[in-house]
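First residue of the sequence shown: 80, per my numbering; consecutive thereafter.
Take a look at the structure below.
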Amino acid sequence: MIADYDFFVIELPEGKLLNEVFENEQDLYLEIGSGKGEFISQYPISHPSWNFIGMEMSEKRIRNCLKKLSIENNHNVRLFRHKADAGIAELFRKESLSGVFIQHPDPWPKRRHHRRRLIQQDFLSALAEIMKPGAQVQISTDHEDYSAWIVEEFLASPHFICLQDDPIQGRYNLDEHIVTWYEEEQRRLGYPPYFMLYKRI
Ligand SMILES: C[S@@+](CC[C@H](N)C(=O)[O-])C[C@H]1O[C@@H](n2cnc3c(N)ncnc32)[C@H](O)[C@@H]1O
80 MIADYDFFVI
90 ELPEGKLLNE
100 VFENEQDLYL
110 EIGSGKGEFI
120 SQYPISHPSW
130 NFIGMEMSEK
140 RIRNCLKKLS
150 IENNHNVRLF
160 RHKADAGIAE
170 LFRKESLSGV
180 FIQHPDPWPK
190 RRHHRRRLIQ
200 QDFLSALAEI
210 MKPGAQVQIS
220 TDHEDYSAWI
230 VEEFLASPHF
240 ICLQDDPIQG
250 RYNLDEHIVT
260 WYEEEQRRLG
270 YPPYFMLYKR
280 I
């Protein structure tokens, strides 16, 4: 059964910010590229006093996420159909996000498509604007070239510092990690993820 579309999938009226969709002031976390919804349906259950927005550009994937969500278990989750880019700074209050999760962003492997990659300077500057100082960005990718690109982009950004001794790890030194559909699939094909962790200065 598909969960209540109107409860979970939010519209953003002009002049409003995504912070306003929850009727409380709990800490707000963002996942970009929710895919089939493993993270956005599971992780928030163990953090009931935080709010979560899953930003996903594909309507098909929004519907995949809805199949995993229930109002009973996921009262603190909303989905927003939107393509994240440098315009993200216009969607949230300044310095309001407590954390950001990005698992397996599209790698755009061909050189001529690299400019389509999500992680690049203008996006990182916009993200920094809406993150609280000290808030963390967790990113994973199965794509070796994109992992090196991500490290370079964060290194070049004045807004973030790496929280790992080695910027690319084979696993997170964190209590919780939700294995997504894409991670499982890529592992099966012999491409385990690279994990990166950054802090907004
Ligand atoms: C490779 S899949 C990974 C999905 C999921 N995170 C996982 O690990 O299984 C990438 C997902 O991000 C979405 N996506 C890609 N670029 C996006 C963007 N700029 N903003 C929002 N969603 C995006 C795609 O529609 C797709 O669902």
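Glycine included, each C-beta is placed from N, C-alpha and C at the ideal position.
Handout entry: Three-state secondary structure (DSSP) of Phe-87
Key = Helix.
Practice task
May I ask you to report which of helix, strand or coil DSSP gives Trp-260?
Solution key: Assigned with DSSP and collapsed to three states, Trp-260 falls in helix.
Practice task
List in chain order: all unbroken alpha helix (DSSP H) runs of 4+ residues lying wholly within the stretch 153 to 222.
Solution key: Segments of the alpha helix (DSSP H) lying fully in the stretch 153 to 222: 200 to 209.
Problem - Val-100 beta carbon less than 7 angstroms from that of Phe-131 - result: No; because the gap between Cβ atoms is not below 7 angstroms, this pair is not in contact.
Exercise for the section: List the whole-angstrom C-beta distance separating Ser-175 from Ile-209, where the pair is believed to meet the contact cut-off of C-beta under 8 angstroms. Expected result: Confirmed, Cβ separation roughly 6 angstroms.
Exercise for the section: Following the continuous beta strand (DSSP E) through Ile-132, name the residue where it begins and the one where it ends. Expected result: For Ile-132, the enclosing beta strand (DSSP E) starts and ends at 129 to 135.
Practice task
Run the proximity test for Gln-182: is its beta-carbon closer than 6 angstroms to any non-hydrogen atom belonging to ligand 1?
Solution key: Annotation for Gln-182 indicates a beta carbon within 6 angstroms of some heavy atom of ligand 1.
Handout entry: Proximity to Asp-224 [Cα-Cα], best of Val-179, Pro-237 and Tyr-270
Key = Nearest option by C-alpha distance: Tyr-270.
Problem - Ala-227 beta carbon near ligand 1 (any heavy atom closer than 6 angstroms) - result: Distances taken from the Cβ of Ala-227 to the heavy atoms of ligand 1 include none shorter than 6 angstroms.
Handout entry: Any 3 or more C-beta pairs closer than 8 angstroms across the stretch 120 to 130 and the stretch 84 to 95
Key = Cβ pair count under 8 angstroms is below three, so no.
Problem - Helix, strand or coil at Tyr-251 according to DSSP, with G and I counted as helix - result: In this structure, Tyr-251 counts as coil in the three-state DSSP scheme.
Problem - Beta-carbon spacing of Glu-232, Gln-199 below 7 angstroms - result: Contact annotation: Glu-232 and Gln-199 have beta-carbon atoms nearer than 7 angstroms.
Practice task
Could you tell me whether the Cβ atoms of Asn-143 and Lys-173 are closer together than 7 angstroms?
Solution key: For Asn-143 and Lys-173, no; Cβs fall outside 7 angstroms.
Handout entry: Rounded straight-line distance, which links the Cα of Tyr-84 to that of Cys-241
Key = When rounded, the distance between both Cα atoms is 37 angstroms.
Problem - Straight-line Cα distance separating Ile-167 from Lys-139 - result: Cα to Cα, Lys-139 sits roughly 22 angstroms from Ile-167.
Practice task
Spell out the partners DSSP gives Arg-279 in its beta bridges.
Solution key: In DSSP, Arg-279 forms a bridge with Phe-239.
Practice task
Report all residues from its chain with a CB closer than 6 angstroms to the CB of Val-216; omit the five preceding and five following residues, and keep chain order.
Solution key: Sequence-distant partners of Val-216 (beyond 5 residues in either direction) whose C-beta falls short of 6 angstroms from its own C-beta, in its chain, are Val-179 and Tyr-277.
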